[in-house]
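Encoded as structure tokens, the structure appears first; notes follow it.
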Amino acid sequence: MGHLARGATLLGSGGGGQTDAAARLLLRVLGGGRVSLLSGDELGEGHVVPVGIVGAVSVFTERLPSGGEWAHVLAAVAGRTGIRPAGLMSIEAGGVNGVIVFAAAAELGLPVVDADLQGRALPRLDQMSAAALGEPLTPLAIGDAGGRLLVLDGLSAPAAERVVRAALSEFGGWAAIALRPIPVARLHSLAIVGSLSRALRLGARHAAWTRTADAREMAASLGARVLVTGRVVEVVRHRAATGFGRGSVIIRADRGGTLVRLEMENEYLLALVDGLPVASTPDILCVLDRAGGLPVSCDTVRGGAEVVALHLPGPPFWWRPEVLHAVAPRAFGLDTDPVAPPLDHGRSETGPCDHSPARP
Numbered sequence: 001m002g003h004l005a006r007g008a009t010l011l012g013s014g015g016g017g018q019t020d021a022a023a024r025l026l027l028r029v030l031g032g033g034r035v036s037l038l039s040g041d042e043l044g045e046g047h048v049v050p051v052g053i054v055g056a057v058s059v060f061t062e063r064l065p066s067g068g069e070w071a072h073v074l075a076a077v078a079g080r081t082g083i084r085p086a087g088l089m090s091i092e093a094g095g096v097n098g099v100i101v102f103a104a105a106a107e108l109g110l111p112v113v114d115a116d117l118q119g120r121a122l123p124r125l126d127q128m129s130a131a132a133l134g135e136p137l138t139p140l141a142i143g144d145a146g147g148r149l150l151v152l153d154g155l156s157a158p159a160a161e162r163v164v165r166a167a168l169s170e171f172g173g174w175a176a177i178a179l180r181p182i183p184v185a186r187l188h189s190l191a192i193v194g195s196l197s198r199a200l201r202l203g204a205r206h207a208a209w210t211r212t213a214d215a216r217e218m219a220a221s222l223g224a225r226v227l228v229t230g231r232v233v234e235v236v237r238h239r240a241a242t243g244f245g246r247g248s249v250i251i252r253a254d255r256g257g258t259l260v261r262l263e264m265e266n267e268y269l270l271a272l273v274d275g276l277p278v279a280s281t282p283d284i285l286c287v288l289d290r291a292g293g294l295p296v297s298c299d300t301v302r303g304g305a306e307v308v309a310l311h312l313p314g315p316p317f318w319w320r321p322e323v324l325h326a327v328a329p330r331a332f333g334l335d336t337d338p339v340a341p342p343l344d345h346g347r348s349e350t351g352p353c354d355h356s357p358a359r360p
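Once you know that position 206 of the sequence shown is 206 in the UniProt record's numbering, the rest is easy, because the numbers rise by one and skip nothing.
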């Protein structure tokens, strides 16, 4: 479980919420039991329902689920579709939702399928892989343990995002969500397959780090490259027109004093070296505390921190031309093209890492 939480945090790209609260919930729900993580092939026929939470993850950590939320929303979706799921999958592998799906599965006695709809953390429903391909997310349901329930049907993904976001205040800031069931036979075309096992592998490697390890050695173990090792000299935050927090982090490199700027919203989205873009969404940017190697989120990064910024390959799915626009920098209001990755995004992160031109 510790490996899952660590890996999901890395895939969060600085966002997605703190996974420790979700891990505590999972421990409570599991007791001495187990939840199976299966591939689509192992599950066989039937449908999988994507589940998770939406809303303010900070509120979620203060007010954990009391039980019954996911049964509530799954029953609502089943009532609209007539489909009983053979398993669950996460709506996003990054952050809290990479862990919380196991708690939902434990409550419902269902297996978890090794797939999700983002392969990392992204803030909006219209940034789900199925939605980017033009597939409907509805009928969907959001609900809470108090019995409040909202069912949406017949809406586009952007419209569903707007309605859900507007309704969350009535749910106390966050809600459980279940999306339209996905046939197991279509998982490979509509979902990011293998994302949860990737989180487990990343978490295991991250846990094996030692404080004496070289930053590049640590990065290579994750299939990443080092963008900068240095000190945070400035953090600027403001509220974007979308309602999400927006900001910039300036890191001065230990060697040569090069300045690296990270643009962030809910996640780290773009890295620039001396003003030139070097890495961007849909790839994954992580900031780690240099002393202990723990991820530093967009919410908690502060001036004076000694950090290492890493660039991990994002899901190859998002680099496909027909869907790239949904998660490229301009999808977040950043006026720059996505930076073509120097990494081979078709490989497993267990393979060799191309560090290409040396970065500070």
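Note that beta-carbon positions come from the ideal geometry of N, C-alpha and C, so glycine has one too. Note that the structure is predicted; figures quoted are calculated from it, not measured.
Rounded straight-line distance, which links the Cα of residue j to that of residue i
| i | j | result |
| --- | --- | --- |
| Asp283 | Pro313 | 5 Å |
| Ala326 | Ala132 | 6 Å |
| Leu26 | Phe60 | 14 Å |
| His298 | Arg120 | For the sequence presented, residue 298 should be read as Cys rather than His. Cα to Cα, Cys298 sits roughly 15 Å from Arg120. |
| Ala105 | Val99 | 10 Å |
| Thr350 | Leu202 | In this prediction, Thr350 scores a pLDDT of 32, lower than 50, which makes its location untrustworthy; the coordinate-derived value is nonetheless stated afterwards. Rounded to whole angstroms, Thr350 to Leu202 spans 10 Å at the Cα level. |
| Thr9 | Leu179 | 23 Å |
| Pro329 | Gly7 | 24 Å |
| His72 | Asp144 | 8 Å |
| Gly52 | Gly247 | 26 Å |
| Gly256 | Gln118 | 37 Å |
| His238 | Ala86 | 43 Å |
| Gly94 | Gly15 | 8 Å |
| Val235 | Arg198 | 31 Å |
| Ala219 | Arg225 | 5 Å |
| Ile177 | Ser13 | 22 Å |
| Glu62 | Ala185 | 38 Å |
| His47 | Leu324 | 27 Å |
| Arg80 | Arg302 | 46 Å |
| Arg205 | Gly82 | 42 Å |
| Gly346 | Phe317 | Low confidence applies to Gly346: its pLDDT is 42, below 50, so where it sits in the model is not reliable enough to give any reading. |
| Glu170 | Gly2 | 33 Å |
| Arg231 | Asp254 | 7 Å |
Closest Cα partner of residue i within the set the options
| i | options | result |
| --- | --- | --- |
| Gly67 | Glu263, Leu150, Val296, Arg28 | Arg28 |
| Arg162 | Phe244, Ala185, Pro85 | Phe244 |
| Ala22 | Gly230, Leu324, Val307, Val96 | Val96 |
| Val336 | Glu263, Glu92, Leu310 | Going by the sequence as given, residue 336 is Thr instead of Val. Of the candidates Glu263, Glu92, Leu310, the one whose C-alpha sits nearest the C-alpha of Thr336 is Glu263. |
| Ala11 | Gly134, Ala291, Arg302, Glu267 | The amino acid at residue 11 is misidentified as Ala; the sequence shows Leu. Looking at the Cα atoms, Glu267 is the closest of the given residues. |
| Gly172 | Arg216, Leu108, Gly147 | Gly147 |
| Asp214 | Gly292, Glu322, Glu170, Ile250 | Gly292 |
| Ser58 | Leu272, Leu334, Ala175, Arg252 | Ala175 |
| Leu88 | Ala56, Glu69, Pro50 | Pro50 |
Coarse secondary structure for residue i, derived from DSSP in three states
| i | result |
| --- | --- |
| Gly346 | With a pLDDT of only 42 at Gly346, under 50, the local geometry of the prediction cannot be trusted, and no value is derived from it. |
| Thr138 | coil |
| Ser156 | coil |
| Val308 | strand |
| Leu11 | helix |
| Glu322 | coil |
| Trp70 | helix |
| Ala5 | helix |
| Met264 | strand |
| Ser129 | helix |
| Glu45 | coil |
| Ser356 | Interpretation of Ser356 is limited by its pLDDT of 29, a score under 50 that renders its predicted location unreliable; the figure taken from the coordinates is listed afterwards. Coil. |
| Glu62 | helix |
| Asp114 | strand |
| Pro329 | helix |
| Leu179 | coil |
| Gly292 | coil |
| Gly247 | strand |
| Arg186 | helix |
| Ser195 | helix |
| Glu92 | coil |
| Leu108 | helix |
| Val54 | strand |
| Ser280 | strand |
| Val273 | strand |
| Ala253 | strand |
| Val339 | coil |
Per DSSP, the bridge partner or partners of residue i
| i | result |
| --- | --- |
| Thr229 | Val308 |
| Ile100 | Note: Ile100 sits in no beta bridge, so no partner. |
| Leu200 | In DSSP, Leu200 forms no bridge with anything. |
Any C-beta of chain E under 9 Å from that of residue i
| i | result |
| --- | --- |
| Glu69 | In the displayed structure, chain E is absent; only one protein chain is listed. |
Original post:
Quick one: any contact between the stretch 151–158 and the stretch 114–128, if contact means 3 or more CB pairs under 8 Å?
Top reply: yes
Original post:
Is there contact between the stretch 186–196 and the stretch 137–152, where contact requires at least three CB pairs shorter than 8 Å?
Top reply: no
Original post:
Is the stretch 303–311 close to the stretch 286–295, with three or more CB pairs under 8 Å?
Top reply: yes
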